[in-house]
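**Student:** Residue numbers (the numbering used here): 27 to 494. Every residue gets a Cβ at the ideal spot worked out from N, C-alpha and C, and that includes glycine. Everything numeric in this text was worked out from a predicted model, so none of it was measured. Here it is, the structure, as structure tokens.
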Amino acid sequence: MVTIRLHNSKTRRKEDFVPLNPGNVRMYVCGPTVYDRAHLGNGRPVVVFDTLFRLLRHVYGPDHVTYVRNFTDVDDKINATAQARKAAGDPRSLEALIRERTEETIGWYHADMDALGALRPTQEPRATEFIGAMISMIEGLIAGGHAYEKAGHVLFRVRSYKDYGALSGRSVDDMIAGARVEVAPFKEDPMDFVLWKPSDADLPGWESPWGRGRPGWHIECSAMSYELLGASFDIHGGGLDLQFPHHENEIAQSCCAHPEAGFAQVWMHNEMLQVEGKKMSKSLGNFFTVRDLLDQGVPGEVIRFVYLSTHYRKPMDWTAEKAKEAEATLRKWRALVADVDAEGAEPDHIVVAVLSDDLNTAGAISALHAVYQHVEHSGVGKASFKAAANILGLLQDGMGAWAEPVDLAGPTMRLSELREVAMSTKDFAAVDAMKSALTAAGVEVRMSKAGVVLLPGLGFDPEKLRGL
RNA sequence: GGCGGGUUGGCGGAGAGGUUACGCAGCGGAUUGCAAAUCCGUGAAGACCGGUUCGAUUCCGGUACCCGCCUCCA
């Protein structure tokens, strides 16, 4: 069996991955807050951990991996959207408006992430379905002396957990010295964070031992991972920006609530995303969603390829140039395995080995280039090539419509005839005219002794072919 | 201010203490009505300064620059 090695943020080292139970490998990844479309940065961890999910399924068997990714549907931004709609005159209740907004956003998320070729996780719990579990965990923390109630809030007592800061390499004292902590009079210590907060009538709330209120952000992941994966599980993933404070707080909560267990064994964090060398932000005008790209005609598979062409622990720069290169490569690869069935085929072992070394997707893509060369020349190993690409979620059946030939038989025939005539008359004017028209419509024109081949490119516009 | 990460050839981007990464672009050639595509071949790197070593781009230290987090933005 292949040994998977993973860089563990907790130990800052690459380690052999040894699951607690090979019969059920368990992974939890922090999912989206469902208040709006997923932007390009949101897609990166989805594709990264989907690739890990696929690798784990390959190594341990598809039925022996449990992948949980949550939906955060309790959030002030969701509330704000709902309140805005209500203020605009919508007669429905706030709860109904919130439900509508989160349902709508989850639908978008699924559609967009499906387009990136990501498998649905085994379970996708919503925070609102686990409020009871959060309340019990908070009660346990209070009973254990790790949390306290004050002014309608319940706060986690950071000083009660000696390893607080270990994941992100910070000490409580250093952070306080940094002085960027929220000042709240009811906190025992400035670093203490909210487990539960009161809701007034204009906000969604649940009854609790501390009155009507709603959970703080961090407790949901602790409660849901415990309910669905247990007190100890294998991998916890998310973006690097979540390392502090979110994951640090999760560890504190979970380890104090279940001191006998180890919580997550391996922590993985993907680096952030940039666009054309700059941080993606609305103020710079380079902010866009996955849906924006899909609507512009960039295939989801191309977006996925670009994500995977940079190692997950390095900042990734999205550029139009990369998308162009990715498209060309995928077209070439898809042409090679157009009619190949990879079902049951053994994926190329070098690609798998490279990928198993801390999810080296960029290295795996390079290895695929080498395998392609070999298969191209020898004609053998197509299924193995495709199966290896499939572990990266590339060249999946059903995702290649964008690369499939469009019926251009008519223009092909006409151009062939024109060329036939021109070859004898030596007057190529008509041929060249038609060729430029085709090129302008986004069609790639290939002419050789073997004949004429027309291939639609990314910007192919069938409308422009009318009249040809 | 505190913590963490990065700096590889024209561009993108990996691995490895010593032997070609790879892709794109470029250049030369085959092919071509022209071009595209394809194929063959080919040049090009390791921010800076020290240290360890027979030998470092790869390990260690320092400098410069860049980036992220510390503000419920993945």
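Return the bridge partner residues of VAL479 from the DSSP annotation.
**Tutor:** Paired residues: ARG472.
**Student:** May I ask you to verify whether the region 413-426 touches the region 370-387, counting CB pairs closer than 8 Å and requiring at least 3?
**Tutor:** Short answer: they touch.
**Student:** Sort out for me which residues DSSP pairs GLY239 with in a bridge.
**Tutor:** Paired residues: PRO224 and TRP232.
**Student:** Taking 8 Å as the threshold (C-beta atoms), are ALA257 and ALA287 in contact?
**Tutor:** Yes. Within cutoff.
**Student:** Inspect the beta-carbon positions of HIS90 and PRO48 and report whether they are closer than 8 Å.
**Tutor:** It is a contact, given that the beta carbons lie within the stated cut-off.
**Student:** So, helix, strand or coil for GLN322, using DSSP?
**Tutor:** In the structure shown, GLN322 sits in coil (DSSP, three-state: anything other than H, G, I, E or B).
**Student:** One question on the structure: do TYR190 and VAL198 come within less than 8 Å of each other, judged by their Cβ atoms?
**Tutor:** In this structure, VAL198 lies closer than 8 Å to TYR190 by Cβ.
**Student:** Output the boundary residues of the alpha helix (DSSP H) element that contains TRP134.
**Tutor:** Where TRP134 is concerned, the enclosing alpha helix (DSSP H) stretches over 120-141.
**Student:** Can you tell which of THR59, GLY178, MET473 and ASP423 has the C-alpha that lies nearest to the C-alpha of ILE124?
**Tutor:** The shortest C-alpha separation from ILE124 is found at THR59.
**Student:** Judging by CA-CA distance, which residue of THR29, TYR54 and SER186 is the nearest neighbour of TYR252?
**Tutor:** Checked all of THR29, TYR54 and SER186; the closest Cα to TYR252 is TYR54.
**Student:** In or out: ARG185 buried (at least 16 other Cβ within 10 Å) or exposed?
**Tutor:** Its Cβ having fewer than 16 others within 10 Å, ARG185 is exposed.
**Student:** Kindly list the residues whose CB is nearer than 7 Å to the CB of ARG70, restricted to its own chain and excluding five residues on each side of it in sequence; keep chain order.
**Tutor:** Around ARG70: ASN296, LEU299, TYR333 and MET342.
**Student:** Span of the alpha helix (DSSP H) holding TYR174?
**Tutor:** Note, TYR174: premise wrong, no alpha helix (DSSP H); beta strand (DSSP E) at 173-176.
**Student:** Name, in chain order, the residues that DSSP records as bridge partners for ASN105.
**Tutor:** Looking at the DSSP assignment, ASN105 forms no beta bridge with any residue, so it has no partner.
**Student:** Check whether the region 162-175 and the region 273-285 are in contact - that is, three or more C-beta pairs closer than 8 Å.
**Tutor:** Because the criterion of three Cβ pairs below 8 Å is met, the region 162-175 and the region 273-285 touch.
**Student:** For TRP134, tell me which candidate among ALA435, PHE97 and TRP222 has the shortest Cα-Cα distance.
**Tutor:** Of the candidates ALA435, PHE97 and TRP222, the one whose C-alpha sits nearest the C-alpha of TRP134 is PHE97.
**Student:** DSSP three-state label for PHE182, please.
**Tutor:** Note: PHE182 maps to strand in three-state DSSP.
**Student:** Looking at PRO219: is its Cβ nearer than 8 Å to the Cβ of HIS244?
**Tutor:** The displayed chain sequence assigns Phe, not Pro, to residue 219. In this structure, HIS244 lies closer than 8 Å to PHE219 by Cβ.
**Student:** Please state the DSSP three-state secondary structure of GLU41.
**Tutor:** Three-state DSSP puts GLU41 in a strand.
**Student:** Should the region 440-457 be called in touch with the region 342-351, which here means at least 3 C-beta pairs below 8 Å?
**Tutor:** With the cut-off at 8 Å, the region 440-457 and the region 342-351 do not touch.
**Student:** What did DSSP end up calling ARG335 once you bin it into helix, strand or coil?
**Tutor:** Contrary to the premise, residue 335 reads as Ser rather than Arg in this sequence. It is coil, neither helix nor strand.
**Student:** Give every residue of the same chain whose Cβ lies closer than 7 Å to the Cβ of GLY237, excluding the five residues on either side of it in the sequence, and list them in chain order.
**Tutor:** Correct list, in chain order: GLY178 and PRO224.
**Student:** Ignoring anything shorter than 3 residues, give me the beta strand (DSSP E) runs that lie fully in the region 254-285, in order along the chain.
**Tutor:** Whole beta strand (DSSP E) segments, 3+ residues: 258-265.
**Student:** Could you round the C-beta distance between PRO448 and ALA456 to whole angstroms and report it? I think they count as a contact, below 8 Å.
**Tutor:** First, the residue type needs correcting, since residue 448 is Ala and not Pro in the sequence shown. Confirmed, about 7 Å.
**Student:** Whose CA, out of CYS247, PHE486, GLN422 and ASP453, lies closest to the CA of LEU434?
**Tutor:** Out of CYS247, PHE486, GLN422 and ASP453, PHE486 has the C-alpha closest to the C-alpha of LEU434.
**Student:** Under a three-way DSSP split, which group does ARG152 fall into?
**Tutor:** Reduced to three states, the DSSP call for ARG152 is strand.
**Student:** Please state the DSSP three-state secondary structure of ALA287.
**Tutor:** It is coil, neither helix nor strand.
**Student:** Look at THR451 and VAL478 and say whether their C-beta atoms are less than 8 Å apart.
**Tutor:** Contact: no.
**Student:** Pull up the DSSP beta-bridge partners for THR92, would you.
**Tutor:** ARG52.
**Student:** Between THR77 and LEU385, how many whole angstroms is the CB-CB distance? I'm expecting something under 8 Å.
**Tutor:** The pair is a contact, with the Cβ atoms about 6 Å apart (cut-off 8 Å).
**Student:** Applying the 10 Å Cβ sphere with the 16-neighbour rule, what's the burial state of HIS65?
**Tutor:** Looking at its Cβ environment, which holds 16 or more other Cβ atoms inside 10 Å, HIS65 is buried.
**Student:** Whose C-beta lies closer than 8 Å to the C-beta of HIS403 among residues of the same chain, with five residues either side of it excluded?
**Tutor:** Hits under 8 Å: none found.
**Student:** Per DSSP, which residues does TRP359 bridge with? Please list them.
**Tutor:** Beta-bridge pairing links TRP359 to no other residue.
**Student:** ASP260 and VAL51 - do their beta-carbons sit closer together than 8 Å?
**Tutor:** Cβ atoms of VAL51 and ASP260: closer than 8 Å.
**Student:** Using a 10 Å radius around the Cβ and a threshold of 16 neighbouring Cβ atoms, would you call ASP453 buried or exposed?
**Tutor:** The residue is exposed, with fewer than 16 neighbouring Cβ atoms inside 10 Å.
**Student:** Express the C-alpha separation of PHE314 and LYS304 in angstroms, rounding to a whole number.
**Tutor:** The alpha-carbon atoms of LYS304 and PHE314 are separated by roughly 13 Å.
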